[in-house]
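Heads up, the thing below is written out as structure tokens.
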Amino acid sequence: MDLIVEHEGKPYPVAFRSLVQIKDALPTSRAVVTDENLARLYPGFLEGERVVTVAPGEASKGLATYERVVRELAQSGADRKTAIVGFGGGVVGDLAGFVAATYLRGVPFVQIPTTLLAQVDSSVGAKVGIDLPEGKNLLGSFWPPIAVYADLGTLRTLPAREFRNGLAEVWKYAYIMDAPLASALEGLTQPGDPRLEGVVRRCVELKAEVVGEDPFERSGRRAILNFGHTIGHAIEAVTGYGAVLHGEAIAIGMVLEARLGERLGITPPETTALVRRTLGEVGLPTALREGSDPDALLGVMRRDKKATQGRLAFSLVETLGTCKLYHDVPEDAVLGVLQAG
Ligand code: ADP
Ligand code: ZN
417 MDLIVEHEGK
427 PYPVAFRSLV
437 QIKDALPTSR
447 AVVTDENLAR
457 LYPGFLEGER
467 VVTVAPGEAS
477 KGLATYERVV
487 RELAQSGADR
497 KTAIVGFGGG
507 VVGDLAGFVA
517 ATYLRGVPFV
527 QIPTTLLAQV
537 DSSVGAKVGI
547 DLPEGKNLLG
557 SFWPPIAVYA
567 DLGTLRTLPA
577 REFRNGLAEV
587 WKYAYIMDAP
597 LASALEGLTQ
607 PGDPRLEGVV
617 RRCVELKAEV
627 VGEDPFERSG
637 RRAILNFGHT
647 IGHAIEAVTG
657 YGAVLHGEAI
667 AIGMVLEARL
677 GERLGITPPE
687 TTALVRRTLG
697 EVGLPTALRE
707 GSDPDALLGV
717 MRRDKKATQG
727 RLAFSLVETL
737 GTCKLYHDVP
747 EDAVLGVLQA
757 G
């Protein structure tokens with residue numbers, strides 16, 4: 417059964433298929449955007465396709481690569497009926513989606529997420545965009561795909577660190593929305609685990625539920641997904657993006673935000689302990705690195721686009737599997753947690 421994600425009257429399916437089936441299901445007129453790693457690993461899938469290949473990594477989510485991709489499309493005569501197919505992780509998905517949203521004022525977009533992170537998170541919710549030198553995702557749009565196709569088999573070629581990176585977002589859904597998912601996830605560390613398909617489907621379902629209620633990130637409903645992200649984004653920013661992967665940064669962020677919730681009397685102590693233990697068992701970092709500067713982290717958080725008028729907002733776990741957005745978290749409580757590490 418395909419899952420259907422609602423986007424303001426433009427529903428799209430998230431379907432789990434093999435790459436062979438996916439190739440058959442794609443629109444006839446199409447151009448595939450991918451990165452060099454995927455081009456090397458999946459030549460069969462790309463055979464016969466019109467392909468634009470970018471370098472792997474966040475740097476490809478910039479204006480220079482965007483310009484190259486849209487110009488290659490223009491030169492190859494891509495028209496309004498040409499679907500842009502993003503075959504890769506979150507970087508490729510965000511870039512390809514932004515190309516689709518803007519080329520000829522918008523052409524059809526298909527996502528084929530190949531990282532766990534992209535399958536459970538970034539491919540669902542219609543956010544597309546690129547980075548500016550001034551900041552991440554500063555140029556973007558909501559551009560729903562016509563379909564998301566995922567082949568869980570592609571996760572077997574993912575480097576172990578990238579798989580763990582995605583597991584951080586998977587555990588996030590359990591902590592904030594689904595206590596039974598937490599039990600189902602115990603011991604899941606490998607892409608070959610037979611439980612994985614059910615788990616990925618469940619995460620897509622949960623994300624679909626939230627983004628369906630708040631398609632354009634206006635009501636605040638979507639903000640619950642930011643558990644671990646207020647601190648996590650700050651960690652990514654101060655370490656300069658790339659040194660710490662997104663999932664690693666939010667793993668640390670979730671542990672610290674659980675402790676923050678505990679100090680505020682919102683998160684029960686056993687939940688904080690569970691967050692730390694389960695992320696640690698996956699092999700994710702659960703504490704700030706030696707020498708991290710709490711004031712620098714706090715400084716970034718103050719500039720976070722979710723902070724309104726200098727007040728810090730956090731999605732905090734109440735009991736395992738439930739959470740709520742708190743708008744007025746005192747800075748000294750946050751600083752205390754960062755200082756404790
Ligand atoms: P994310 O989905 O985590 O946001 P990226 O798009 O940066 O991230 O992908 C992370 C890395 O994993 C990149 O180097 C990318 O080339 C690589 N990658 C993506 N999918 C696969 C896959 N199925 N097998 C092997 N490597 C992959
Ligand atoms: Zn995230």
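Residue numbering for the sequence shown is 417 to 757, as defined by our numbering.
For glycine and all other residues, C-beta sits at the position ideal for the given N, C-alpha and C.
Bear in mind the structure is a predicted one, so any value in this text is a computation, not a measurement.
Have a look at the options and flag the residue whose alpha-carbon is nearest the alpha-carbon of residue i.
| i | options | result |
| --- | --- | --- |
| residue 775 | 700, 652, 654, 747 | For the chain, the structure presents residues 417 to 757; residue 775 sits outside this window and is missing. |
| residue 446 | 524, 667, 572 | 524 |
| residue 674 | 498, 703, 658, 480 | 703 |
| residue 736 | 714, 553, 684 | 684 |
| residue 493 | 466, 644, 626 | 466 |
| residue 537 | 623, 503, 464 | 623 |
| residue 729 | 746, 564, 512 | 746 |
| residue 753 | 679, 715, 732 | 679 |
| residue 457 | 440, 496, 503, 478 | 503 |
| residue 420 | 551, 626, 651 | 626 |
| residue 477 | 451, 459, 501 | 451 |
| residue 448 | 616, 696, 513 | 513 |
| residue 427 | 749, 564, 584 | 564 |
Assign residue i to buried or exposed, taking buried as 16 or more other Cβ atoms, counted over all protein chains shown, within 10 Å of its Cβ.
| i | result |
| --- | --- |
| residue 707 | exposed |
| residue 529 | buried |
| residue 531 | buried |
| residue 571 | buried |
| residue 756 | exposed |
| residue 638 | buried |
| residue 588 | buried |
| residue 548 | exposed |
| residue 659 | exposed |
| residue 717 | buried |
Give a single yes or no on whether residue i has its beta carbon closer than 7 Å to a heavy atom of the ligand ZN.
| i | result |
| --- | --- |
| residue 613 | no |
| residue 578 | no |
| residue 633 | no |
| residue 537 | yes |
| residue 585 | yes |
Less than 7 Å between the CB of residue i and some heavy atom of the ligand ADP, yes or no?
| i | result |
| --- | --- |
| residue 561 | no |
| residue 607 | no |
| residue 745 | no |
| residue 457 | yes |
| residue 694 | no |
Could you give the residue range of the beta strand (DSSP E) that holds residue i?
| i | result |
| --- | --- |
| residue 543 | 543-548 |
| residue 510 | It is not in any beta strand (DSSP E) - residue 510 instead sits in the alpha helix (DSSP H) that spans 506-518. |
| residue 490 | No beta strand (DSSP E) contains residue 490, which is instead part of the alpha helix (DSSP H) from 479-491. |
Can you tell me where the alpha helix (DSSP H) with residue i in it begins and where it stops?
| i | result |
| --- | --- |
| residue 676 | 662-679 |
| residue 497 | Unbroken run through residue 497: none, as it is neither H nor E. |
| residue 714 | 710-719 |
query = Is it true that the region 419-437 meets the region 472-491, where meeting means three or more beta-carbon pairs spaced less than 8 Å apart?
reply = Two segments are said to touch when three or more pairs of C-beta atoms, one from each, lie closer than 8 Å; by this definition the region 419-437 does not touch the region 472-491.
query = Below 8 Å, can you find three or more Cβ-Cβ pairs linking the region 536-543 to the region 552-572?
reply = yes
ask   = Should the region 597-607 be called in touch with the region 626-634, which here means at least 3 C-beta pairs below 8 Å?
value = Touching, no.
query = Should the region 578-586 be regarded as contacting the region 603-615, the criterion being three or more beta carbon pairs within less than 8 Å?
reply = Below 8 Å, enough C-beta pairs join the region 578-586 and the region 603-615 to call them touching: three or more.
ask   = Pairing CB atoms from the region 738-748 with CB atoms from the region 684-693, are three or more of them under 8 Å?
value = no
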